[in-house]
Structure formats: C-alpha cells, structure tokens
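**Student:**
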C-alpha cells in the first residue's frame with residue numbers, strides 16, 4: 233500500500249513538472265545520413281534534461297525540401313512547430329511571406345542588439361539569416377563547396393599532391409594531365425562537378441562569384457544575374473571542361489555518381505560539399521586531400537546549410553520557449569559538438585575557441601581547410617521563389633553540359649525564365665511606385 | 291383496402307430508405323470530406339487567380355498561363371512518351387508471358403513468382419537500387435556492357451537516355467503485375483471454344499488471334515486503365531533517380547504539379563494542371579472502357 237502511494241505520488245509529481253513546462257515541437261531535416269537523426273534526438277534530450285521550463289519534442293521531417301513543405305503546411309493548418317531547422321536560403325522567402333517571426337524582440341529581451349547578436353556568427357552566414365536588418369534565422373550548421381582530390385592520381389600524373397590547383401588555369405592544366413582517354417572514352421576524368429538539381433545552382437553560383445559576379449541581388453529577392461558576363465563565363469568554363477578540354481564526362485553527374493567515381497579512381501578530382509567530408513573519409517580507401525575551390529578572379533565559397541527559425545502563429549510563451557532551445561543549440565559547446573559529429577562547420581565563431589574544437593582541427597587537416605575557406609564565404613542565393621528560380625538556371629546549365637545548348641543562349645533563356653518567376657514579387661516591390 | 295396496403299408498403303419502403311441512409315451516412319460523410327470537398331476545392335482554386343500581394347479574382351487566367359508555359363508543354367510530351375513507352379511494351383510482354391506460363395506446373399509456378407517479384411519491391415526502394423545499377427562506369431549495367439566494348443554511359447545524366455532508362459525500370463516493375471491479370475483472364479476462357487476452333491482446323495496462331503484475344507477484351511480494358519493511372523501517378527522512381535532532370539527531360543505532369551504547388555507556391559497553376567490532368571485521364575478511361583466493352587459480349 234505504501235509502495236502504491238509512493239508510486240502515485242511519483243506519478244503526480246512527474247505530471248506536475250510536465251505541466252509546468254512549455255511543450256513545444258521542433259522540426260528538423262537530415263540532409264544525408266540517417267545517423268544524424270539519432271544524434272539530433274540525443275542533443276534535444278540534453279536540452280530537456282538541462283532545464284525544466286521547456287520540454288521539446290524533436291520531429292524528424294525528411295529532407296530540406298520536405299521540412300519546408302511540412303512547416304508551411306503546419307503553419308497553414310494553424311499548428312506550427314515552435315522551431316524549425318530550415319535550409320538557410322529559404323529564410324528570405326519566410327520573411328517575404330511573413331511566415332517567420334522576426335527575432336529582434338527576443339534578442340532584445342536578452343539585452344542585445346540584433347547586430348551584436350548576429351555578429352557572433354561568421355560574417356559569411358549573416359546575410360542569409362537577416363532581411364532588411366532584422367534577424368529571422370539563427371545559423372545552425374553550414375557548408376561550402378570544396379575541391380576533393382586523390383593523392384595517388386596526382387602522383388601518377390607527376391603532380392605534387394601538396395600543390396593543388398589554385399587558379400582556373402592551373403585547374404584546367406592539372407585536369408588535363410589527370411585525364412586518361414582510351415580512344416574517345418574517358419577512363420579517368422580529370423574532374424567531376426556535381427550537376428544534379430540543387431547542387432548545380434549552388435556550384436554555378438560559386439563559379440560565377442569567383443568569376444567576379446554577385447550572381448543575385450544580396451539585399452533584395454527580386455533579381456538574379458544569369459545573363460551577365462560573370463555567369464555566362466562560369467557556364468562557358470563548365471562547357472569547356474566537358475567539350476573543349478574533355479576532362480569531365482558529358483551530361484549530368486549526381487552526387488552519388490561523382491562520389492563513387494572518386495572512390496573507384498574514375499575521377500581524380502571532385503567538387504562537392506564540405507558536408508560530405510565525413511562520408512568521403514569513411515568510404516575513400518586511398519589517400520585524398522581537400523583544397524579551396526580554384527579561383528578565376530577571387531576566391532569565393534557560397535554558403536550552404538541551415539538556420540533555426542520560429543514560424544508565425546506561435547504564442548509569446550511558445551516563442552520564448554523556442555528562443556531558449558535556439559540559444560541552447562547555437563551555444564558554442566553544443567554547436568561545436570554537432571559540427572564535429574556531422575562534418576558541417578559551426579557557424580558560431582566562439583565554438584572554435586573551445587579546446588575540443590582545436591584538438592579536432594589539429595587532428596584533421598582537411599577539416600581545417602574547410603574552415604579556412606570560410607574567410608571567402610559569400611551568401612547563398614535567396615530570392616522570391618528560390619527553388620524555381622534556381623531550377624531555371626539549372627535546366628539550362630544541364631543542357632549546356634549535355635551539349636544541347638551554348639552558354640550565351642542558355643543564360644539568356646535562364647534569365648527569361650527566372651524573371652517570369654520573379655515578376656509578381658518585382659511588381660509588388662521595386663515596380664510599385666507612389667501613385 | 292388496397293390503398294392501405296400501398297400506404298403500408300410505402301411507409302415500410304421509406305423506413306428502409308431511412309435505415310439505409312443512416313447506415314450510409316458515415317461513409318458519405320467521409321467521402322464528402324476527403325474526396326468530394328477536395329475535388330471541389332481544386333476546381334475552385336483553378337479558377338481563382340491570386341498572385342503575390344494581390345487580391346484574388348475569378349477567371350481562366352491560370353489555364354491561360356498553364357497552356358502558355360513551355361515547361362508544361364515539355365511535361366505533357368514527356369508524360370505521353372512515358373505512358374506509351376511503358377504501357378505498350380509492358381502489356382505486350384505481360385500477355386506473352388501469361389500465355390507462355392498459363393499451363394500449370396512446377397516450373398511455371400516458379401517463373402510466375404519470379405516475374406511477380408519486382409511488384410513486391412516498393413518503387414522507391416527499387417529506384418534507390420537502380421541508381422547504382424545505372425551508375426556510369428561502375429554500375430551493374432555498365433559492368434556487363436563493358437564485355438561488349440561499351441564504356442561508361444551516363445544513363446540518368448543524359449537528356450536522351452534518362453527517359454528511356456526510367457521507362458525500362460517501369461516496364462520491369464509492372465509487367466509481372468499485369469501478367470497476373472492476363473493469367474486470370476486466360477483461365478476464364480472456356481476450353482470448349484478453343485476445342486471447337488481446333489476441330490474446325492484453326493492452328494495455334496488462329497486460335498489465339500480469333501478466340502483468345504477477343505475474349506481477353508475485358509482484361510485489356512481493365513489492365514489498360516490501371517496501366518494508364520500507374521503511368522500518371524507512379525513517379526516515385528523519377529523523383530529519386532533524376533528529380534525530373536536533366537533539363538526537365540524526365541519531368542512528369544504529377545511532379546510538375548508538385549513543383550508549382552510546393553516549390554513555386556503557385557496553387558492556381560498547380561490546380562489548373564490537376565484539373566487538366568484528371569480531365570484527360572477520365573476521358574481516356576471512359577473511352578477505352580466503352581470501346582472495349584462494346585466488343586466483348588462473347589458467351590460460350
């Protein structure tokens with residue numbers, strides 16, 4: 233009887249604390265490996281155990297695109313999650329559509345200015361987290377494109393593996409030496425650049441930025457610069473790699489095709505995300521190294537990754553609870569641990585001052601290269617209708633890579649398609665003039 | 291007296307109707323809430339024009355924009371190519387296999403099972419596997435083609451080869467399933483008809499052409515409609531393998547609808563495309579069912 237009473241008392245007390253805490257949901261995607269979902273659940277359990285005011289239920293919501301879809305559906309249904317981890321270049325659309333809460337108020341309650349708050353993150357990730365000076369997202373994990381190369385292939389071609397190509401010219405020269413032909417067939421490609429949807433827009437933007445361009449209007453979501461010399465030149469460069477220098481296979485190469493070609497020695501170099509570093513490390517049997525993306529005029533590394541946002545439709549209490557979770561997840565210790573586990577870099581600069589982070593970088597020089605390239609980070613393209621505008625370019629670049637179109641014509645068409653998608657927003661903003 | 295009987299009868303009939311209505315009401319409710327209401331909603335939305343920051347108005351603007359969209363033209367052509375390219379070969383192959391395996395036996399039983407296996411694998415899982423089969427150079431396909439002197443082929447990455455590759459998988463996936471219907475159809479053909487034809491001196495091909503094939507009419511009508519619906523809605527593998535690329539060369543109408551609705555947040559265009567798509571499908575289904583039903587009143 234006594235035991236029963238005790239059990240009842242225990243139950244009541246558990247119920248009591250659960251009721252006092254604010255219960256919130258947290259939507260998060262996993263871009264690649266399934267392991268990450270388990271790790272994220274563990275991180276959130278750590279948060280729940282660290283305090284008793286907020287209880288968070290993590291909800292795995294698939295890919296970046298799925299998470300966007302589910303978050304928008306949940307907002308429309310009037311039951312938004314308190315926090316969502318969102319592809320960083322979707323934040324602008326959430327701000328435009330007024331589907332995300334400006335975080336300035338919550339930052340202010342902590343006694344900070346929005347500028348001071350966002351100043352704690354690497355400069356390169358700031359533009360994608362803010363809109364018109366207001367903070368809408370808090371960067372959580374990020375990546376950039378990077379050049380992977382096989383040490384063995386470099387040695388066989390008589391190249392020094394300690395001296396990866398730095399400029400586009402060197403890149404082409406090295407790629408030619410690294411390419412092995414058998415008649416018309418590529419036995420070993422000099423380089424493979426991932427060119428499936430999503431990846432291709434990102435990588436093309438990096439090449440265009442390195443080629444002197446901005447690629448998109450960084451401050452306003454109504455313009456892209458596809459039909460501009462900087463982008464046309466970048467696409468011409470891709471075309472040349474395939475059709476003129478013949479160092480890259482024709483057609484579209486998706487991420488799995490590029491990485492398996494790299495693992496089996498069918499390509500000597502590969503351009504992919506720093507986020508794939510862990511995956512390559514686990515699967516590449518032969519020694520490999522990574523290097524900065526070679527440059528045309530300037531080094532440029534477009535940012536990828538995800539930020540935390542609070543959807544509209546959450547009560548002030550829930551927003552406060554959400555803010556508590558966001559502050560925890562982006563604290564230097566938690567953000568750094570997540571970075572070491574995943575291979576993404578931690579956007580919170582202070583994470584790199586921690587001893588465990590210093591030890592990690594000392595032990596893996598490739599991870600250090602990825603961080604160092606951040607100094608050349610540029611914002612991820614974000615516009616009205618980001619995915620459609622991106623696809624307008626990608627469809628045309630894919631046609632170029634397949635030998636079906638020429639860069640100048642292709643970019644003119646891409647610009648036309650993108651402008652049509654941007655038109656409704658442009659009409660309501662830049663072209664909406666005083667009557 | 292007779293009038294009273296009628297009245298009692300009517301009362302009973304109306305009570306039975308009441309009972310039926312009460313019993314059917316829950317299904318009607320669900321049907322209305324989850325089928326009719328959304329259908330109505332889509333039609334309504336297809337006629338509602340609303341673009342960013344503007345108030346909604348009524349009209350056919352969404353349809354005008356839809357038919358002017360070159361991506362939509364491309365997607366329509368792809369969908370037709372895909373439908374014809376998958377339905378015709380899989381039906382022919384399924385019929386051929388069904389005829390070959392119609393006699394019961396241990397070996398035929400085994401073969402039937404083997405042919406049905408692809409149907410058991412979820413399309414998404416099959417697609418994830420086929421990504422590796424189709425890998426240029428390393429994939430299973432290129433591995434074996436190398437014996438014939440072919441090197442790496444960019445199966446899924448070439449705008450010319452991607453659609454045929456996807457079609458090939460669909461045929462592989464569906465043929466066994468359609469074979470099952472043909473097996474059932476063949477089993478339903480009365481033996482005495484074939485016997486009579488044989489006595490009349492018809493050879494194997496004549497018997498097949500003039501007896502078996504016409505009697506399989508209903509099966510054809512049924513499988514044809516199923517295959518048509520499949521061609522339109524089973525696009526899981528396309529999403530996994532190509533995402534509709536390269537350059538929209540494998541993009542299908544259903545994925546186009548998704549892109550408009552979820553990526554471009556253009557519900558008007560997506561709804562208009564849905565209405566067109568379902569309308570065409572409905573017309574085709576009615577046409578094929580009616581046409582085939584007309585010629586199938588054979589009795590032994």
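Residue numbers (the working numbering), protein chains in the order written: chain A, 233 to 667; chain B, 291 to 590. Every residue, glycine too, gets a C-beta built ideally from N, C-alpha and C.
Is it right to say residue 410(B) is buried, meaning 16 or more other beta carbons lie within 10 angstroms of its own, or is it exposed?
**Tutor:** Classification for residue 410(B): exposed.
**Student:** Restricting to Cα atoms, I'd like to know which of 416(A), 398(A), 297(A) and 381(A) is closest to residue 477(A).
**Tutor:** Of the listed residues, the one whose Cα sits closest to residue 477(A) is 416(A).
**Student:** Tell me where the alpha helix (DSSP H) around residue 600(A) begins and ends.
**Tutor:** Looking at the DSSP string, the run of the alpha helix (DSSP H) that includes residue 600(A) is 597-604.
**Student:** Using only alpha-carbon positions, find the residue among 600(A), 552(A) and 328(A) that is nearest to residue 253(A).
**Tutor:** The residue with the shortest Cα to Cα distance from residue 253(A) is 552(A).
**Student:** Could you name the residues of chain A that residue 421(B) contacts, counting a contact when the two beta carbons are closer than 7 Å?
**Tutor:** 488, listed in chain order.
**Student:** Take the Cβ of residue 574(A) as the centre, count every other Cβ of all protein chains shown within 10 Å, and call the residue buried at 16 or more, exposed below.
**Tutor:** Residue 574(A) is buried by the Cβ-count criterion.
**Student:** Assess, as a yes-or-no matter, whether the segment 316-326 of chain A is touched by the segment 339-353 of chain A under the definition of 3 or more beta carbon pairs within less than 8 Å.
**Tutor:** Cβ pair count under 8 Å is below three, so no.
**Student:** On the DSSP letters alone, give me the boundaries of the beta strand (DSSP E) that residue 424(A) sits inside.
**Tutor:** 417-425 is the extent of the beta strand (DSSP E) around residue 424(A).
**Student:** Please list, in chain order, all residues of the same chain as residue 506(B) whose beta carbon is under 8 Å from its beta carbon, the five residues on each side excluded.
**Tutor:** Only 385, 472, 475, 476 and 479 meet the Cβ criterion.
**Student:** Identify, in the order they occur along the chain, each residue of the same chain with its Cβ nearer than 6 Å to the Cβ of residue 625(A), setting aside the five sequence neighbours on each side.
**Tutor:** Answer for residue 625(A): 433, 458 and 646, listed in chain order.
**Student:** With distances taken Cα to Cα, identify the nearest neighbour of residue 538(B) among 387(B), 351(B) and 453(B).
**Tutor:** It is 453(B) whose Cα lies nearest to the Cα of residue 538(B).
**Student:** How is the beta strand (DSSP E) around residue 548(A) delimited, first residue to last?
**Tutor:** Not the beta strand (DSSP E): residue 548(A) falls in the alpha helix (DSSP H), residues 548-561.
**Student:** How big is the Cα-Cα spacing for residue 275(A) and residue 556(A)?
**Tutor:** So the two alpha carbons sit approximately 14 Å from each other.
**Student:** Please state whether the Cβ-Cβ distance between residue 581(B) and residue 511(B) is less than 9 Å.
**Tutor:** Yes, the Cβ-Cβ distance between residue 581(B) and residue 511(B) is below 9 Å.
**Student:** Taking three-plus beta-carbon pairs below 8 Å as touching, is the segment 330-342 of chain B in contact with the segment 564-571 of chain B?
**Tutor:** Touching, yes, given that three or more Cβ pairs across the two stretches are closer than 8 Å.
**Student:** Going by beta carbon distance, what residues of the same chain come within less than 6 Å of residue 460(B), once the five residues before and after it are set aside?
**Tutor:** So the qualifying residues of the chain are 376.
**Student:** For residue 507(B), decide whether its Cβ has a neighbour in chain A, counting only Cβ atoms nearer than 9 Å.
**Tutor:** No, its Cβ sits nowhere closer than 9 Å to a Cβ of chain A.
**Student:** Please report whether the beta-carbon of residue 434(B) lies at a distance below 9 Å from any beta-carbon of chain A.
**Tutor:** No, residue 434(B) lies away from the interface with chain A (no Cβ there is under 9 Å from its Cβ).
**Student:** Using DSSP with H/G/I as helix, E/B as strand and the rest coil, what is residue 247(A)?
**Tutor:** Model confidence at residue 247(A) stands at a pLDDT of 44, short of 50, so the residue's coordinates are unreliable; what they give is reported in the following sentence. In this structure, residue 247(A) counts as helix in the three-state DSSP scheme.
**Student:** Short of 7 Å Cβ to Cβ, which residues in the segment 527-543 of chain B face chain A?
**Tutor:** Correct list: 533, 535, 536, 537 and 538.
**Student:** Please work out which residues of its chain come closer than 6 Å, Cβ to Cβ, to residue 319(A), disregarding the five sequence neighbours upstream and downstream, and give them in chain order.
**Tutor:** Correct list, in chain order: 296 and 538.
**Student:** At which residues does the alpha helix (DSSP H) containing residue 403(B) begin and terminate?
**Tutor:** Residue 403(B) -> alpha helix (DSSP H) spans 396-410.
**Student:** Using a Cβ-Cβ cut-off of 9 Å, state whether residue 455(A) counts as contacting chain B.
**Tutor:** No, residue 455(A) does not count as interfacial toward chain B.
**Student:** Rounding to the nearest angstrom, what Cα-Cα distance links residue 265(A) and residue 603(A) in this structure?
**Tutor:** Low per-residue confidence applies at residue 265(A): pLDDT is 49, beneath 50, and the placement is therefore not dependable, though the value from the model is reported in the following sentence. Those two C-alpha atoms are separated by around 21 Å.
**Student:** Who pairs with residue 414(A) in a beta bridge, going by DSSP?
**Tutor:** Note: residue 414(A) sits in a beta bridge opposite 417(A).
**Student:** Going by DSSP, which residues form a beta bridge with residue 255(A)?
**Tutor:** Residue 255(A) is bridged to 287(A).
**Student:** Would you verify that the beta carbon of residue 590(B) is, or is not, closer than 9 Å to some beta carbon of chain A?
**Tutor:** Caution applies to residue 590(B), whose pLDDT of 44 falls short of 50 and renders its modelled position unreliable; the value that the coordinates give is listed next. Output row for residue 590(B): interface = no.
**Student:** Quick check on residue 438(B) - is its C-beta less than 9 Å from some C-beta in chain A?
**Tutor:** For residue 438(B), the answer is no, since every Cβ of chain A falls outside 9 Å of its Cβ.
**Student:** Counting contacts by CB-CB distance shorter than 9 Å, is residue 485(A) in contact with chain B?
**Tutor:** Yes, because at least one Cβ of chain B sits closer than 9 Å to the Cβ of residue 485(A).
**Student:** When burial is assigned at 16 or more other CB atoms within 10 Å of the CB, is residue 519(A) buried or exposed?
**Tutor:** Exposed.
**Student:** Quick one: grab the DSSP three-state call for residue 444(B).
**Tutor:** Coil, per DSSP.
**Student:** Find the residues of chain A that neighbour residue 412(B), judging by a C-beta separation of less than 9 Å, and give them in chain order.
**Tutor:** In chain order: nothing, as chain A lies at least about 16 Å away.
**Student:** Between residue 423(A) and the ligand COA, is the CB less than 8 Å from at least one heavy atom?
**Tutor:** This structure does not include the ligand COA; it has no bound ligands of any sort.
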